[in-house]
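Residue numbers in the sequence shown follow the UniProt record's numbering, run continuously in steps of one, and reach 308 at the last position.
Where is the CB? At the ideal position from N, CA and C, for every residue including glycine.
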Amino acid sequence: MLELRRLRLLAEFARRGSIAATAAALGYTPSAVSQQLAALEREARVPLLDRTARSAELTDAGRRLAERAEEILGLVETAEAELSAQADAPTGRIVVTAFPTAAVAFAPALAQSLGDHPGLTFVLRQTAPGAGIRQVQSGEVDIALIDDWTGKVPDQAPAALEFFHLRRDPLVLVVPDTHPMSQPGRPVDLQQLREEPWMAAPAGEPSRQAVERLLDTVGGARPVPWEFEGLHTILSLVARGIGITAVPALALAAGDQGVAVRRIPECALAREVYAVTRTASVRRPSVAVTLRAIYAAAKEVQPTAPES
């Protein structure tokens, strides 16, 4: 009989593409993963991996079994969800991962709301861009809060995942409260701001790309932003008068002092914020109550309102 834990390892290997990546994702050593996959091959009585000295890849039989493993694991999770749905109250451990600004913005409301469920252990982690969907799919986390600047992520995601839209998060201009353009009555003119010391996230990050697209609208060579890891670091520097920036409004949920927030005229740059979970998990009481709390937190949080 095929062992469920080993099927999960095979499915994860199919997603990650290497034994080392599979081990890192699931908290095993590469040696342990290799041994368990070898044991699964003995159970299946066919080769599942084509191994060389430096790599391993799935055989045709391995790919077919990995596809079946995804189906089997989904059915098991659905069965567990149906059983747990009979419980009177949500219990157990629920793990949520979020991009940093969502973690900071939603954490207070989530802690207050989920505190009403003493049988529930809530874990909130921050994650790197792009990792949330993969972590939900692999079962590392129950729910991921993700941002999407493209408008395409839900359509491109695996069918086994369900997306819940939380809010639209527009790009806003942030300047020191002593800056001339901090005055609400003064029109925002990006052309006048081109030579200012702009600050942004490192190259390649979505918020940095949004700043670059924004500056593209004023034509000519863009000023090179100063790069800092973390939007809250950037906002703290703006508050000290060191430069200016443009960030998603949700980054201001902590109520940063010393800055002025302005709407950017004719700017459609924004990200969509979603909660993502496995479709088979939605009926679990712990997941359902956490999704409701996340949805309420997304509506409750009010970043500093930008001045027109």
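Residues bridged to residue i (per DSSP)
i, result
"PRO170", "ALA270"
"GLY92", "LEU120"
"HIS165", "TYR274"
"GLN126", "ALA98"
"ALA56", "ARG51"
"ALA44", "None; ALA44 has no bridge partner."
"ALA260", "VAL175"
"GLU227", "ALA200"
Rounded straight-line distance, which links the Cα of residue j to that of residue i
i, j, result
"LEU9", "ARG16", "10 Å"
"ARG292", "ARG93", "16 Å"
"ASP147", "LEU124", "16 Å"
"ARG64", "LEU7", "12 Å"
"LEU190", "ASP155", "34 Å"
"VAL211", "MET199", "9 Å"
"GLY115", "ALA201", "34 Å"
"VAL141", "PRO184", "43 Å"
"PRO176", "VAL153", "34 Å"
"ARG271", "GLU195", "26 Å"
"LEU48", "MET1", "16 Å"
"ALA107", "LEU37", "39 Å"
"GLU205", "ARG263", "22 Å"
"LEU231", "LEU26", "29 Å"
"residue 309", "ALA254", "The question about residue 309 has no answer, for the chain in this structure spans 1 to 308."
"HIS179", "ALA79", "59 Å"
"ARG208", "ASP216", "12 Å"
9 Å Cβ cutoff met for residue i and residue j
i, j, result
"ILE143", "VAL96", "yes"
"LEU173", "VAL261", "yes"
"THR277", "LEU120", "no"
"MET181", "LEU166", "no"
"PHE99", "THR127", "yes"
"ALA109", "VAL301", "yes"
"LEU250", "ALA131", "no"
"SER286", "ASP256", "no"
"SER31", "ALA56", "no"
"GLU67", "ALA14", "yes"
"residue 327", "THR279", "The requested residue 327 does not occur in the structure, where the chain is confined to residues 1 to 308."
"GLU77", "ALA39", "no"
"ALA239", "GLY258", "yes"
"PRO197", "ILE244", "yes"
Simplified DSSP assignment, three categories, for residue i
i, result
"LEU145", "strand"
"VAL175", "strand"
"MET199", "strand"
"THR245", "strand"
"GLN209", "helix"
"MET181", "helix"
"GLU70", "helix"
"ALA107", "helix"
"ASP216", "helix"
"PRO187", "coil"
"SER138", "helix"
"PRO30", "helix"
"GLN156", "helix"
Member of the options whose CA lies at the smallest distance from the CA of residue i
i, options, result
"ARG284", "SER31, VAL276, SER18, PRO90", "PRO90"
"ILE72", "ALA11, ASP60, VAL46", "ALA11"
"ALA53", "ALA66, SER18, THR29, ALA23", "SER18"
"LEU269", "ALA254, LEU49, SER286, VAL247", "VAL247"
"PRO170", "LEU7, GLU300, ILE234, GLU266", "GLU266"
"ALA297", "GLU195, THR29, ALA102, ASP189", "ALA102"
"ILE242", "TRP226, GLU140, ILE294", "TRP226"
"ALA69", "ARG5, ALA111, ALA23", "ARG5"
"GLN135", "ARG51, HIS117, PRO158", "PRO158"
"PRO23", "ARG45, SER138, ALA111, THR59", "A small fix is needed here, since residue 23 is Ala in this sequence, not Pro. Among ARG45, SER138, ALA111, THR59, the Cα nearest to that of ALA23 is on SER138."
Chain B within 9 Å of residue i, Cβ atoms only
i, result
"ALA128", "Although the question refers to chain B, the structure presented lacks it and comprises just one protein chain."
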